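Taking numbering that gives the first Met the number 0, I'd label the letters of the sequence shown as residues 0 to 274. Ideal placement from N, C-alpha and C gives every residue a C-beta, glycine not left out. Nothing here was measured: the structure is a model prediction, and the numbers come from that model.
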Amino acid sequence: MKFNFTESQDKVKSMFKRVEKKDIGLIKDYIGTDYDKCLYLYLDFLKYGLDNENLKFWLNIDNDELKCVILKYYSGMHIFSRNKDCDFDEIRELIMEESPSVICSEKFLIESLSDTLKEMEYNSEYGWVRVLSKHCSFDNSAVERADENDFEAISKLICNDHMGEFYDLDELICQIKEREEDNFGRNYIIKDEDKIVSNASTNAELENIAVLSNVITDESYRGKGLATKVCSKLCNDLIDEGKKVYLINYTEESTGLYDKLGFEISCEIGKLFKA
0 MKFNFTESQD KVKSMFKRVE KKDIGLIKDY IGTDYDKCLY LYLDFLKYGL
50 DNENLKFWLN IDNDELKCVI LKYYSGMHIF SRNKDCDFDE IRELIMEESP
100 SVICSEKFLI ESLSDTLKEM EYNSEYGWVR VLSKHCSFDN SAVERADEND
150 FEAISKLICN DHMGEFYDLD ELICQIKERE EDNFGRNYII KDEDKIVSNA
200 STNAELENIA VLSNVITDES YRGKGLATKV CSKLCNDLID EGKKVYLINY
250 TEESTGLYDK LGFEISCEIG KLFKA
């Protein structure tokens, strides 16, 4: 796929340029139907374009040919290369400049970057993108939708678990609030009296697609089926709204839950994160 980028001088490095409004259509064409391989990049791009101050976009270009798209949202970076032909040295330099706390992409790209980023103390982890293909509903009578008064407690629940180790608490609160205000995310919770003990979120959603995330239960309440209940309620509502539901999971421990709910593997994914 060839594009004429030669007129732009807005380059971070010799092979990179910051995205301009005239590039938006090109990015959409480049991703095409492969959006499951770059869910957050794709949905953030469609939702915000260039109009969110917490988003940055770059294009990796070689001889007017688009090799990959990179997005940074707050401190998280997402990379997509459709033909697996991006310039890893240039990507590494951009990562060194931006110093993201977490980098997400397809497995092949994370594997290729992991060795070159060891001096920056990134660890690697691999998992799967899953799509809800046959939803199995469960009792969810205890589940409620969170409001702004719950965002800090939800963020603390996430940050106190290993899955939240690369989040900054205040930044996470801001992200949850921003997504809720923009109708781009929601949180469903279960409480024991006034304490939030289980949570499931969407970190990105549009009219026809949503990404289930931040599925977590307080350690002392695990083994009671709370995650099943909160995920089931959220998936029920998303399906009723006509949305296709995806998620990303990195642990075998959570695989049983998602199998039970009706999720199937769509592709392999990976992330690099700072310890």
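Query                                                                                                                                                                    : Result
Report all residues from its chain with a CB closer than 8 angstroms to the CB of Val128; omit the five preceding and five following residues, and keep chain order.     : Asp35, Lys36, Leu38, Tyr245, Leu246, Ile247, Ile264, Ser265, Cys266, Glu267 and Ile268
Exposed or buried, Tyr29, counting other C-beta atoms within 10 Å across all chains shown (16 or more means buried)?                                                     : buried
Which same chain residues, not among the five before or five after Glu6, have their C-beta less than 8 angstroms away from its C-beta?                                   : The predicted model places Glu6 with a pLDDT of 44, which falls under 50 and marks its position as unreliable; any figure quoted below should be read in that light. Once the five neighbours on either side are set aside, Glu6 has no close Cβ partner at all.
Determine whether the beta carbon atoms of Tyr220 and Ser253 lie at a separation below 9 angstroms.                                                                      : no
Specify the secondary structure class of Leu246 as computed by DSSP and reduced to three states.                                                                         : strand
Can you tell me where the alpha helix (DSSP H) with Gly24 in it begins and where it stops?                                                                               : Ile23 to Ile30
Does the beta-carbon of His154 have 16 or more other beta-carbons within 10 angstroms, so that it is buried, or is it exposed?                                           : The amino acid at residue 154 is misidentified as His; the sequence shows Ser. Ser154 is buried by the Cβ-count criterion.
Measuring only the C-alpha atoms, how far is Asp9 from Val214?                                                                                                           : Summary for Asp9: the model assigns pLDDT 47, below 50, so the residue's position carries little reliability, and this model does not support an answer.
According to DSSP, is Tyr72 helix, strand or coil?                                                                                                                       : strand
Using 9 angstroms as the threshold, is the C-beta distance between Lys55 and Glu89 below it?                                                                             : no
Can you tell me the Cα-Cα spacing of His134 and Lys259, whole angstroms?                                                                                                 : 9 angstroms
Taking the runs of the alpha helix (DSSP H) that are 4 residues or longer, which of them lie wholly in the segment 161 to 243?                                           : 168 to 180 and 225 to 239
Which same chain residues, not among the five before or five after Asn139, have their C-beta less than 6 angstroms away from its C-beta?                                 : Lys228, Ser231 and Lys232
Please classify Phe107 as buried or exposed, where buried requires at least 16 other C-beta atoms within 10 Å of its C-beta.                                             : exposed
On the criterion of 16 or more Cβ atoms from any shown chain inside 10 Å, does Met95 qualify as buried, or is it exposed?                                                : exposed
Quick one: complete alpha helix (DSSP H) runs, 4+ long, within the segment 92 to 118?                                                                                    : 106 to 113
Closer than 7 angstroms by C-beta to Gly261: which residues in its own chain qualify, once you throw out the five before and the five after it? Chain order, please.     : Leu131, Ser132, Lys133, His134 and Cys135
From the DSSP output, in three-state form, read off Gly269 for me.                                                                                                       : strand
Should Lys66 go down as buried or exposed, given a rule of 16 or more other Cβ atoms within 10 Å for buried?                                                             : buried
Thinking Met14 and Asp63 are a contact (beta carbons under 8 angstroms), I'd like their distance in whole angstroms, please.                                             : The pair is not a contact, with the Cβ atoms about 12 angstroms apart (cut-off 8 angstroms).
Which same chain residues end up closer than 8 angstroms to Asn82 when comparing Cβ atoms and leaving out the 5 residues on each side of it in sequence?                 : Lys66
Looking only at its chain, what residues have a beta carbon closer than 7 angstroms to the beta carbon of Phe150, apart from the 5 residues adjacent to it on each side? : Ile172, Ile175 and Lys176
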